[in-house]
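Mapping of the sequence shown onto this note's numbering: position 8 corresponds to residue -5, and the numbering continues sequentially without gaps. Read through the structure below, which is laid out as structure tokens, and then see the notes.
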Amino acid sequence: WVYITTRNVMRNTVNGTELTPEAFNRTYAEKLMSDAPDSDSAATGRPPIPPMDYMLNVLKWKRVDGTTYDPRKNGEEPYFEMEGQWFLNEYRISTVPLVDMARAAAAGRTFMLAVLATVGPEHFKLIMDFFAHIVQRPGRLIRWMPLVQSGQGSGKNMLCKCVGAAIGQSNFKTVNAKYVVKDFNACEKFMREQCFI
């Protein structure tokens, strides 16, 4: 668990569960209760110290100012300091799936056929290079992105799901179209806030 000060929540860094301090205390108070029948805990139904205070002040669990997504650190360090503030890195290399070599060739052919059917032969290599870069070099900034515009059912969503599966769903985020059509400053601000560029 980590305490995110700016949002006043406790976050489980393994599964992403967030609890308010009150909910955290109510959830884990039982763990700090004394077994002795003549203890204050037994008489009051409360632990001698609230779980959140115990975790933060006795066990010295981490406090961070916010969260960000930064694959450049390869998920090795869950916390890092930037400009005097501490952040929880939401990138998790552990969620990147392992390659199933027995089915990799068939899956690769199926994916390439889907890309070819969706973007056509004139854009096939460009899109495949883009997807390969995302998977093979997480955190390396790409200063452009493909925009696929077509009717419903053409395969756009399927391509997104494939890329999400390749890099791990927790490392994948869909950007709302309103940020694509806004002016450059709004788009850049969004990217800085959400993608840590």
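C-beta: ideal position from N, C-alpha, C; glycine also. Since the structure is predicted, the reported quantities are computational estimates derived from the model, not experimental observations.
Q: Taking Gln123 as part of the alpha helix (DSSP H), name the residues at either end of that continuous run.
A: 111 to 123
Q | Separation of Met145 from Asn76, as counted between CA atoms | A | 28 angstroms
Q.
For a test of the three-state rule: what should DSSP assign to Thr(-7), helix, strand or coil?
A. coil
Q.
List, from N- to C-terminal side, the alpha helix (DSSP H) runs of 4 residues or more that fit wholly inside the region 26 to 61.
A. 27 to 31
Q: Decide if the region 107 to 118 is in contact with the region 38 to 46; the criterion is three or more beta carbon pairs, one per stretch, under 8 angstroms apart.
A: no
Q) What's the C-alpha gap between His120 and Ser137? A) 24 angstroms
Q) In the DSSP assignment, what residue or residues form a beta bridge with Leu134? A) None, per the DSSP bridge assignment.
Q) What first and last residue would you give for the beta strand (DSSP E) that runs through Phe67? A) 66 to 69
Q: Answer yes if the region 94 to 104 comes into contact with the region 123 to 135, meaning at least three C-beta pairs across the two stretches below 8 angstroms, and no otherwise.
A: no
Q) Can you give the beta carbon distance from Phe11 to Met39, rounded, assuming they're within the 8 angstroms contact cut? A) 5 angstroms
Q. How big is the Cα-Cα spacing for Glu70 and Cys149?
A. 36 angstroms
Q. Roughly how many angstroms separate the alpha carbons of Phe117 and Tyr78, rounded to a whole number?
A. 20 angstroms
Q) Can you give the Cα-Cα distance for Glu17 and Glu9, rounded to whole angstroms? A) 14 angstroms
Q. Can you pull the DSSP bridge partners for Arg(-2)?
A. Val(-11), Glu5
Q) Identify the residues that DSSP records as bridge partners of Leu75: which are they? A) Thr54, Tyr66
Q) In this structure, does DSSP put Phe159 in helix, strand or coil? A) coil
**Q.** Top-ranked residue by Cα proximity to Tyr56, from Trp48, Pro65, Arg50
**A.** Pro65
Q) Where does the unbroken alpha helix (DSSP H) through Val86 begin, and where does it stop? A) Where Val86 is concerned, there is no enclosing alpha helix (DSSP H), given that its DSSP letter is neither H nor E.
Q: Would you kindly work out how many angstroms separate the C-alpha atoms of Arg90 and Ala153, rounded to a whole number?
A: 14 angstroms
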